[in-house]
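In our numbering, the protein residues as written are 341 to 956.
The following block contains the structure:
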């Protein structure tokens, strides 16, 4: 101990002399842990290993002996099957919330403002300022968890992440950015979503939606209804009818169902009077080309440097392009062939007139079918899957016109695709595990025993999430089940392999199973406890800053944050599964091993000596 103390003291002194106080403090901390073990824990652990742990092992041995007597193995199997059915029924009764991807408290709240297409940018700006002031009134001007409030108009204001930097004068956005979770002092930002929605819902002429940043990959809106048809008029009528029907249902949790079909896009049509154009000797193509060159420009030359050529476009000034009267009075220069090719100029208004109208902003097609999409966010405190289920139930009573197809897409479609992918991935993983186990044991019955552990370990997952009404994430919980399978299989292999070893040494079947279970209980429990305790900080969101702990003696401990929202479902899946999976390893595997061995002796008429040879 003295030598160790001198070594630690020397290392700490070097760190302190070089100015690395954090590393010096860490070295002292390690020495403190070593001293605690040396003078306190070592003796306690030794007493427990000598006196306490053998009692636990003997108690477990007695339970295994009881379980293997007579018909009790079948009772154990029946009890596990009952728990499996019960867990499914219990989950159906408790209905824990199921989400596609875990979502934590908002770090950003986006308020999107959409005005009719063609709205002047200054009008959009004034409406955005009104919305911004309402948002400020909700969050407060001096809120210690709000980092900034920023407004965008025209550029960067679209809900579509693919819109880029294209200017859309009818769009506005107000962004509320919150400070890091550690600086929020336990305050939730989720309530601001609801408050902002309530504050800005009565602004006339504007369509407004409030979102938080999306967790995980882009999936579209939680509620996304695609209505498809070949006949466009039928499609428009069906989409409008569907929207009015669902609005009338007043399904709780639906923010505001919106259609992506826009038929109010302002349009200016230049109608050419062909008779007047013919009298003047002007071709309609000449008129169209003149208008195009005035607005879009025409290439008149190129600028060349040492590396590249740059086209030079010429068009009328911006103030002239934006003035319809100027464009209509613009002279059209042409050669009048009826006058011997003389060059003439005629104002456009002499051969054309203006018509103002509205048109479609665009017609979307999917798989060659015209499609209109109805979409909406889901309000806070509502589960998207439950809201979508209510919508689907309502649509069953909706009289769908002939030739019109209605289906749920967006997040729900991605969710189903992910479920299918995880199902295929899970089956592939189990297939590979089975193949490896068959090769390892040269048997099919023993791998089946081990794989049954994986299936039944889901009992713990279902009961745990249902009992505490925790959120099940399809993505993260699915990954957690796959990770769980690896640990459960490893524990099963430990027990089965040692049982085979004892049988190959000539030990009687039941005695081999009992001895293997007793001997392998320690590594099985240690594996499960190490994994479970290691996952607890991730599951509860325990955050410790070890750098400041050793440099400033301030660990900045807090619970929660984005990490627990993301990793929590995976961690709890593994924790619940490991707790029940360990029980299965310690009780179900010995029982199933005994039953399988008895069935082999009875059905295949193998004597005990043959089983011992097979195990070897």
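Backbone N, C-alpha and C fix where the C-beta goes; we use that ideal spot for every residue, glycine too.
Would you check if the segment 766–777 and the segment 797–816 touch, i.e. whether three or more CB-CB distances between them fall below 8 Å?
no
Excluding the 5 residues preceding and the 5 following residue 428 in the sequence, name in chain order all residues of the same chain whose CB lies nearer than 6 Å to its CB.
none
Leaving out five residues before and five after residue 472 in sequence, what residues of the same chain have Cβ atoms less than 6 Å from its Cβ?
491, 514
Would you list the residues sitting across from residue 450 in a DSSP beta bridge?
515, 551
Pop quiz: residue 797 and residue 908 are said to be a contact at Cβ under 8 Å. What is the actual Cβ separation, rounded to whole angstroms?
Rounded, the Cβ-Cβ distance is 19 Å, inconsistent with contact.
For residue 737, three-class secondary structure by DSSP:
coil
Just the Cα atoms here: how many angstroms apart are residue 474 and residue 540?
7 Å
Chain-order list of residues whose beta-carbon lies under 8 Å from that of residue 370 (same chain, five-residue window excluded)
348
With C-beta atoms as the reference, is residue 563 less than 8 Å away from residue 734?
no
Report yes or no: do the segment 851–865 and the segment 826–835 share at least 3 C-beta pairs separated by less than 8 Å?
yes
Given residue 468, which residues of its chain have a CB within under 7 Å of its CB, disregarding the five upstream and five downstream residues?
453, 491, 493, 512, 514
Opposing strand residues paired with residue 609 [DSSP bridges]
695
Report the CB separation of residue 638 from residue 653 in whole angstroms; it is logged as a contact under 8 Å.
7 Å
Checking 8 Å against the spacing of the C-beta atoms, do residue 575 and residue 710 come in under that value?
yes
Where DSSP assigns a beta bridge to residue 425, which residues make up the other side?
Answer is none; residue 425 lacks a bridge partner.
Nearest neighbour of residue 897, chosen from 880, 684, 906, 910 [CA to CA]
880
Alpha carbon to alpha carbon, what distance is there between residue 365 and residue 823?
36 Å
Which residue marks the beginning of the beta strand (DSSP E) containing residue 744, and which one marks its end?
744–748
Quick one: measure Cβ to Cβ for residue 446 and residue 529, integer angstroms, because I've assumed they're closer than 8 Å.
5 Å
Between the C-alpha atoms of residue 400 and residue 914, what's the straight-line distance to the nearest angstrom?
24 Å
Nonlocal neighbours in the same chain, by C-beta distance under 6 Å from residue 905, ignoring five residues either side:
442, 444
Closer than 7 Å by C-beta to residue 699: which residues in its own chain qualify, once you throw out the five before and the five after it? Chain order, please.
605, 607
Please classify residue 937 as buried or exposed, where buried requires at least 16 other C-beta atoms within 10 Å of its C-beta.
buried
Count the other CB atoms within 10 Å of the CB of residue 579; is the residue buried (16 or more) or exposed (fewer)?
buried
Grouping DSSP H, G and I as helix and E and B as strand, with all else coil, what is residue 360?
coil
With 16 other CB atoms within 10 Å as the buried threshold, where does residue 725 fall?
buried
Just verifying my parser: in three-state terms, what is the DSSP assignment at residue 569?
strand
Could you give the residue range of the beta strand (DSSP E) that holds residue 650?
649–654
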